[in-house]
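Undergrad: Residue numbers (my numbering): 1 to 699. Pasting in a structure now, in structure tokens, and then I'll have a few things to ask.
What follows is the structure in structure tokens.
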């Protein structure tokens, strides 16, 4: 087994986000040889199309379901004289129509369950990435002087500090019977302001005569809230989080700026461009970003343009996407195509367009015709006929624009060396389109199989235009995502970046142990060597400035595996078709042994026995490390559940697994899924899927 067969013929590599090489290589992988570069690199083109329509300046976003939010309850005293009836008569489910009568709606815009972009106490709001117009790094906002626009921090600051002696009533329904029982109502009093704020809790005794105006005789100070109530932040921390939300996230436009800015700040080794559908800033050609001085200067240019624009006008989304396609083809006046020459690797250069919108497109026609509705010949490339899920009966839709620039060769003079993928079989230079609907929904369920969909006429209604947004992602062979709040918008763009990376494979992939970088943050990197078939997982400390000491990893998995005894020091398991079993010769089925050429020594070789490598009497490839090359597998970090959902089942799940051992999972080309302890790199176990046994002899 001295040779190794690589099944994948071609692929492209995208630089990982933080600490890998800053180029994307077009590769040809040759049998019996290490991974070698045969074509010069050409960085991928990623262009963000920004919706800068007037509605993006709004501070309100809700669904059209009139604020239905089942499971939340609201108390409203209807007797203005203060002589209340039994308050149990005044408890409403928020979805109850009685709550919507005149005079009771003031709470709705300030409730994140209704206004999707309002402050959500379960979310940590972080400053934007980059610098403001004064050249200062974005940082936590001063609550006493929170800017209306963080890019211009000196304009229209607002004092958000809490007034002295502010108070709130909180009902804690301890037994979930939806009735006011004794000692379930609390009055929360905040005294002082800023860093000197203190909190006092008072419990209402619920005596019958206390249904009159509540006075001090019925309020009893308590030292803390109910034991089952989790205090997530101090009052000062909550105020800080609210101030950050106010300045960085309260407008739809700000949410998009936060999400796109975060991605631009993370990306490296790619060309990034920006444009706006209403031209609120000049069309920004794709420019290269990496960790070099020039690359960081380009990154700053992109971020400055992103943060400086103001939203206005309509939503000419179709023409905006059409303009991006023309730019990639070199048909946009004064903006040469960003595609590289053949000598510089353009033959395998990938191109992506990402667009986000909060509304229904309008504006003039892009005049592209019914690109996705013709017969096979209209598609321009043999084998790509006008069939489901792409085709429809309508012309000049957003889906037509996306299909046009996926089908048409963006650079006819270049060889067609783009590696094809199951969801993107094009080998010619083409544009992949990603779309995100922000706070809007269509008539169709985007989770259903698009092959079963009959696309409606997008010019018949607004909801149908959101269906067309999904259709555009289908035609563009990208992804459609729906975001209903700031966190979902950020996560949607992160998902798109992961999908883009899947178009390339990765010479190095990274993951953090936390979504929030602190002095205790760890960064984990998986990689492989280009001069052999070995891989590695490395752990680095990451400081609050996001700086990594790449020369001194905390641990290296391949080095640690070399120290383990192949026979007694590793726990490797598999599946024999019936039950899980240790990977030992006596446990294997007859079929599994046949896949291993009925050679027990081969099994020991896979477990890490090095004794027969490189000798004249064997057939075993000599290895540098036991850990195989890690290609197309990013490390997955699994530790304390990081989300805070309100459902009781999830709260139980989170509490139960709060102290579980953090583990990194990664697959490698030694046929195994490895589980490494995140703290020290110890391999906890490895798993060999039964479905890969027929390939193990080729390793």
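In this text, a Cβ means the ideal position worked out from N, Cα and C, and glycines have one as well. Keep in mind the model is a prediction, meaning the values are calculated, not measured.
1) Could you work out which residue in 608, 412, 478, 307 is closest to residue 342 when comparing CA atoms only?
2) Buried or exposed for residue 296, going by 16 or more other Cβ atoms inside 10 Å?
3) The alpha helix (DSSP H) with residue 242 in it runs from where to where?
4) Identify, in the order they occur along the chain, each residue of the same chain with its Cβ nearer than 7 Å to the Cβ of residue 286, setting aside the five sequence neighbours on each side.
5) Would you kindly work out how many angstroms separate the C-alpha atoms of residue 291 and residue 275, rounded to a whole number?
6) Which of helix, strand or coil does DSSP assign to residue 2?
7) Spatial neighbours of residue 240 within its chain, please: C-beta separation below 7 Å, excluding the five flanking residues on both sides.
8) Can you give the Cα-Cα distance for residue 281 and residue 320, rounded to whole angstroms?
9) Between the Cα of residue 476 and those of 424, 447, 454, spot the shortest distance and give me the residue it belongs to.
10) With a cut-off of 8 Å on the beta carbons, I'd call residue 457 and residue 394 a contact; round off their distance for me.
11) Per the DSSP calculation, residue 676 is bridged to which residue(s)?
12) In three-state DSSP terms, what is residue 494?
13) Answer with buried or exposed for residue 594, where buried requires no fewer than 16 other C-beta atoms within 10 angstroms of its C-beta.
14) Using 8 Å for Cβ pairs, my map puts residue 300 next to residue 52. What's the rounded Cβ distance?
15) Inspect the beta-carbon positions of residue 629 and residue 669 and report whether they are closer than 8 Å.
16) Could you spell out the range, first to last residue, of the beta strand (DSSP E) harbouring residue 637?
17) Tell me the rounded alpha-carbon separation between residue 688 and residue 328.
18) Give me the Cα-Cα distance between residue 298 and residue 131, rounded to the nearest whole angstrom.
19) Measure the CB-CB distance between residue 251 and residue 57 and report whether it falls below 8 Å.
20) Would you check if there are 3 or more beta carbon pairs closer than 8 Å linking the stretch 670-689 to the stretch 647-656?
21) In or out: residue 459 buried (at least 16 other Cβ within 10 Å) or exposed?
22) In chain order, which beta strand (DSSP E) runs of at least 3 residues are fully inside the stretch 438-500?
23) DSSP three-state call for residue 409: helix, strand or coil?
24) Give the range of the alpha helix (DSSP H) segment to which residue 265 is assigned.
25) Check residue 688 in the structure and name its three-state DSSP category.
26) Ordered along the chain, which non-local residues of its own chain (more than five positions away) have a Cβ less than 6 Å from that of residue 388?
27) When you compare the CB positions of residue 372 and residue 361, do they come within less than 8 Å of one another, or not?
28) Looking only at C-alpha atoms, which of 306, 260, 294, 439 sits nearest to residue 279?
29) With a threshold of 8 Å on Cβ separation, who are the neighbours of residue 564 within its own chain once the five nearest residues in sequence on each side are excluded?
30) Return the Cβ separation of residue 363 and residue 314 in integer angstroms, given the expectation that the two are a contact with Cβ distance under 8 Å.
31) Label residue 419 either buried or exposed according to how many other C-beta atoms from any shown protein chain fall within 10 Å of its C-beta, with 16 as the threshold for buried.
32) Per DSSP, what are the beta-bridge partners of residue 649 in this structure?
33) Can you round the beta-carbon distance between residue 414 and residue 346 to whole angstroms, since I take them to be within the 8 Å contact cut?
34) Who are the near neighbours of residue 473 in its chain, counting only those whose CB is closer than 8 Å to its CB and skipping five residues on each side?
35) Let me make sure I understand the geometry here. Which of 536, 696, 586 has the alpha-carbon closest to that of residue 633?
36) Go through its chain and collect everything with a Cβ distance to residue 589's Cβ below 8 Å, but skip five positions before and after it.
TA: By the coordinates alone:
1) It is 412 whose Cα lies nearest to the Cα of residue 342.
2) exposed
3) 235-248
4) 45, 47, 271, 272, 273, 338
5) 23 Å
6) The predicted model places residue 2 with a pLDDT of 36, which falls under 50 and marks its position as unreliable, so this point remains unresolved.
7) 140, 143
8) 13 Å
9) 424
10) 5 Å
11) In the DSSP assignment, residue 676 is bridged to 664, 683.
12) In the structure shown, residue 494 falls within a helical segment according to DSSP collapsed to helix, strand and coil.
13) exposed
14) Contact doesn't hold; Cβ gap of about 20 Å is too wide.
15) yes
16) 636-638
17) 44 Å
18) Straight across, the Cα-Cα distance linking residue 298 with residue 131 is about 13 Å.
19) yes
20) Result no; under three Cβ-Cβ pairs closer than 8 Å.
21) exposed
22) 480-483
23) coil
24) 252-266
25) strand
26) Within the same chain, and ignoring the five residues on either side of residue 388 in sequence, the residues whose Cβ sits closer than 6 Å to its Cβ are 451.
27) no
28) 306
29) 570, 608, 683
30) 6 Å
31) buried
32) In the DSSP output, where bridge partners are listed per residue, residue 649 has none listed.
33) 5 Å
34) 402, 433, 434, 435, 479, 480
35) 536
36) These residues qualify, in order along the chain: 576, 577.
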